[in-house]
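I have placed the structure first, in the form of structure tokens, so that the comments after it can refer back to it.
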Amino acid sequence: MIVYLYPRAQILKPYNNNNKIERRGYHRDTKYESIKYSFKYMSQLVQDLDDETKETLCHVPYLQLVITSRYFHKGIRVNEDKLLTLAVMDLFVQYVYPALNSYAKANVFFILKPKPNKEDLLNPHKDGEIIKSLSKTAFPLTKDDDSLIKKFDIKNYVNTLIEGLLEIYSGYYVTGITIRNFFEHDIISPIPVIDYKSRIYGLIECYYDNENDSNVDIKNIRPKSLRSTKKVYLNNLTSKKTPDNPTIKPFMVADIETVVIDEIHVPYAIGVLKVYPGVKVLTDDIDTFYSENYNKNLFPKFEDRSQKLMLDFINRLITITRRNSKYKMNVIYFHNLSSFDGLFLIKHMIYNHQNYELKPIIRENVIYEIAVCLGKRVLFRLRDSLHLLPCNLDSLAKSLCPELGGKGSIDFSKVTLETLSSMKDELLTYMKHDIRLLGSIMQNFQKLYFEQFQADIVDFRTLSSLAMSLFRSRFYKDDESSIYIPEDNEEEFIRRGYYGGHTDCFIPKGDNLYYYDVNSLYPYIMKESQMPGGKPVWHSDLSQMDLDDIYGFIEAYIECPESIKRPLLPYKDPKNNTVIFPTGKFVGVHFSEELKLARKIGYKITPLKGYLFNAIDSPFEGYVKELFESRLKAKAEGNAALSFIYKLLMNSLYGRFGINPEYSKTELCNESRLKSLLRGGPLINKRRLRDDLYMVSYRCNTSPRGKESPYKVKKTAAVQIAAAITSKARVYMYEHLSRDDCYYTDTDSIVLGSPLPDKLVSPTELGKFKLEDKIKEGIFLAPKSYWYSRESSQEDVIRYKGEGKKIVDKKYYIDQYLDPSRTQKKKVIKNFKRDLETLSIRMVESVFTFRVIDNNKRGRLIENGIWVGSIPIHIIDFESIDHKGRMIINQLIKERDNLIKKINNKKNDDEKDDSINNKNIMDPQNCQKNEVNTANSNLSNKTLNDVPSDTKTKPEDSETRPDSESQKLDLSGWSHERQFGKELKDNLGKEPP
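First residue of the sequence shown: 32, per the working numbering; consecutive thereafter.
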């Protein structure tokens, strides 16, 4: 590590200015706007900046990264954007430009701190700092040809970024600035130290626009290879036209079998089968390649024979696709390509078929497709059938081709290098059966789907894209109920309110329980509920609106009393990204309809800001209704295969709307593309595979109109739809999971101590509960970790989330329930550990420590040493409240306290009057006068009781003014309704003005 600690440049005083600029008001903006950037005047500005500066530092962790910082004595207000811009540019001039000799980019961070403020009732002595990046990604300092972008343009861009902070952080102080500067090649080392004169002239260049050079819009600079494509983006989801003469195409299915050598899986057999529409799938049509069939004199090593069979397999695929080009047979399905077969195929192609180009689609480390190209022509595509039919092969066979039986079985422990020859027939029979099963499953799926919907499954990579295409082509009417595609800022805000299902363990042990599932919970919500429609409207202050008048996604200040034992509203724990359902006080983004229920059950809700939508009739009603009715009909006719397909399609549409536009992407690329990616943003990982070929992982953003992203867009992502569906599903389930006898819940299922009413139960009706199991005894340790015995079967049900799921048993659950602190260590063998970086599958043996899976969503309730229940976690979190939200809450607290003060003053005045009256009664001379006063007082009291008044209060509420500490955190006196909440409003008799 190389570290340079540079003191700031020596301050010279080439002039004597008696009219030094005063700190107050500072008039800096006027000065900067009208300045003529002479050496003398820039020196004055720099002198002013240095007076504010405590120190500047330059740190070089390695020769392609320079970190430079400036810290201030007291801080500079964010509103003084011109001075802050100068401070940033001065760091560039002193420490970055002198070292720059190649392509470079920078990211600027501000350390922000609010001024201590007694008016901030949430936390008047708050001293926490916020580190804020001015831009989402680093911005370039040079063009693609490594020539410098004008300092004038860099200065303007930095100033624009700083102005963007004003709305959110107005009133904050900048106590420090840090710039991370990234260079394509090693910098000049050590960084040259510039003198004072060079520093001033360098800064003058930042403020002088040389008209002979063209200006550059920094935010639009992109690598050349990504900048040429122009796209037109749509604001709304569009309907899709069905082809006039749709056809279906043939395809292939394949499978790879492996043997473990030195804990690494190596292929010993591979087979492929051509599948034509309407042609029966036969085992004899399968082409097989087996390692022990090759001449051991030519290939004495097993590894060589393994490479040979893979080579022959790829050549066979090329031959088949060329001979069947008129049928467009170029898709080959493997079941579990992503986690198994795909890694062998990518590794083999990289090192043994260098004349072909691989174009894999890998997102979040999941392989969706591997396209093999020769020049610009795609030879064939390797795909994962598991993404179209997300079930294991045995279950799929029972649903789609039961006549072939289930998946075969084999004792893999007997498969070794020594037994490959003797077990050849058994192993090939096993592989061929799996290939035939997969071929028949995919053929039947293709046939049934085409007959019902006139589309070919081969045209789609995933089930969700298949469902989306069906919805858009047959059911969606974009002229009647349009679905809006959110822009970047809308997407980012609304996604904060997308939480998923409610999973919790409430009671750890019970007998004679009832396990219910909802019949298609999400489809039911999609069919029956209104959805957010149209373009949303941003409201920066919702504190004056009644929650009943709000429909959309809002950031709200939330109070959940500890009396609520089963909280409704989710909260994402920033420490571990876990969604919990706590009591306490926090700020979050939620769907308005869920907040309305929360208010009814005792929450206090204060809307702060958000995006408001129109409530429209569900655009999914026809889709869900037709599929559900068709499924019932198929089941009644005994057509299990068709019923299975309808179920898959019905349950797969919702998730497509919630696709996150930000994800990790992995690609194979050459060095030129690698440089472009380096310039485009930070890489997650990179690995050199061979000369001029790299595997690179990076963060990708496919937002619809995001200027930050040159990548392809997700034209169907509408997170408000997915978030609304999951929110309303939680509302639907809350009535049942909030019961005292609810032991466990997971999204659409509940375990109860007593049965549901008959009117809520039906095995077939959409949205009603189906009795899944009657439980004799059950233990529920944590979400997705439970055991129970069934009345209807001798086979127990075990669910365990973690590495040891294959070796836990009933005894484990009993022991852990009796002693939650108990731990035990066991050896666990993971037969198929995937390593995308090395493109290998390993068998790994490890020692696993068994303990109760930490239930970090609720706390254990122990009585007399026995684990009897759980309690919600209590939190207080104000960190996510921005400056404007804090101002709104403080204003509400002030108005509440002023009203309480007014009530108390009125009460004191009344007591004083009563005291005077009592004293006058004792004076005989005033008896007649006292009688009149008493009558007037009675009349006044009667009026206060019967007529609404701003100053009326109840006796029991007379001592409601909180002390100074409770004013900081306790907002219990107000809620969503205007400023103060229902309790005070009732006390006053009418809503405060």
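Using N, Cα and C, we set each Cβ at its ideal position, and we do this for glycine too.
Closest Cα partner of residue i within the set the options
| i | options | result |
| --- | --- | --- |
| residue 84 | 218, 206, 599, 870 | 206 |
| residue 80 | 94, 105, 89 | 105 |
| residue 564 | 752, 494, 443, 166 | 752 |
| residue 647 | 718, 511, 698 | 511 |
| residue 268 | 513, 236, 526 | 513 |
| residue 494 | 360, 665, 683 | 683 |
| residue 417 | 373, 460, 561 | 373 |
| residue 9 | 780, 801, 795 | Absent from the model: residue 9. The displayed extent of the chain is 32 to 1024, so no value can be given. |
| residue 725 | 706, 732, 710 | 706 |
| residue 458 | 333, 590, 488, 288 | 288 |
| residue 460 | 632, 390, 440 | 440 |
| residue 239 | 184, 282, 217 | 184 |
| residue 492 | 402, 435, 570, 606 | 402 |
Beta-bridge partners of residue i, as assigned by DSSP
| i | result |
| --- | --- |
| residue 14 | Beyond the ends of the chain as shown, which are 32 and 1024, falls residue 14; an answer cannot be given. |
| residue 327 | DSSP output for residue 327 lists no bridge partner at all. |
| residue 718 | 726 |
| residue 286 | 302 |
| residue 171 | 136 |
| residue 1025 | Nothing about residue 1025 can be reported from this structure: the residues present for the chain run from 32 to 1024 only. |
| residue 99 | 89, 210 |
| residue 69 | Bridge partners of residue 69: none, in fact. |
| residue 393 | 398, 697 |
| residue 164 | 140 |
Spatial neighbours of residue i in its chain, beta-carbon cut-off 8 Å, leaving aside the 5 residues before and after
| i | result |
| --- | --- |
| residue 273 | 485, 486, 504, 505 |
| residue 905 | 593, 613, 614, 615 |
| residue 916 | 586, 588, 618, 639, 640 |
| residue 695 | 394, 395, 396, 715, 728, 729, 730, 731 |
Span separating the alpha-carbon of residue i from that of residue j
| i | j | result |
| --- | --- | --- |
| residue 180 | residue 224 | 22 Å |
| residue 203 | residue 210 | 20 Å |
| residue 393 | residue 899 | 46 Å |
| residue 358 | residue 861 | 42 Å |
| residue 410 | residue 350 | 10 Å |
| residue 107 | residue 115 | 8 Å |
| residue 820 | residue 913 | 50 Å |
| residue 320 | residue 341 | 8 Å |
| residue 595 | residue 870 | 50 Å |
| residue 719 | residue 442 | 38 Å |
| residue 477 | residue 304 | 16 Å |
| residue 857 | residue 380 | 39 Å |
| residue 220 | residue 728 | 30 Å |
| residue 333 | residue 297 | 9 Å |
| residue 545 | residue 761 | 20 Å |
| residue 911 | residue 605 | 10 Å |
Close-in-space but distant-in-sequence residues of the same chain around residue i (CB under 7 Å, 5 per side omitted)
| i | result |
| --- | --- |
| residue 231 | 70, 73, 74, 77 |
| residue 846 | 853 |
| residue 291 | 874 |
| residue 581 | 573, 623, 638, 643 |
| residue 531 | 610, 757 |
| residue 661 | 677 |
| residue 755 | 562, 563, 622 |
Same chain, Cβ closer than 6 Å to residue i, five either side skipped, listed in chain order
| i | result |
| --- | --- |
| residue 425 | 437, 438 |
| residue 777 | 534 |
| residue 737 | In this predicted model, residue 737 has a pLDDT of only 45, less than 50, meaning its place in the structure is not dependable enough to derive any value. |
| residue 1014 | Summary for residue 1014: the model assigns pLDDT 35, below 50, so the residue's position carries little reliability; its value from the coordinates is reported in the next sentence. Cβ neighbours of residue 1014 beyond the five flanking positions: none. |
Residue i at chain B interface by Cβ criterion, 8 Å
| i | result |
| --- | --- |
| residue 75 | Here there is only one protein chain, and chain B is not present. |
Beta-carbon gap between residue i and residue j smaller than 8 Å
| i | j | result |
| --- | --- | --- |
| residue 574 | residue 199 | no |
| residue 599 | residue 578 | no |
| residue 620 | residue 584 | yes |
| residue 362 | residue 408 | no |
| residue 881 | residue 855 | yes |
| residue 659 | residue 797 | yes |
| residue 597 | residue 768 | yes |
| residue 302 | residue 466 | yes |
| residue 285 | residue 365 | yes |
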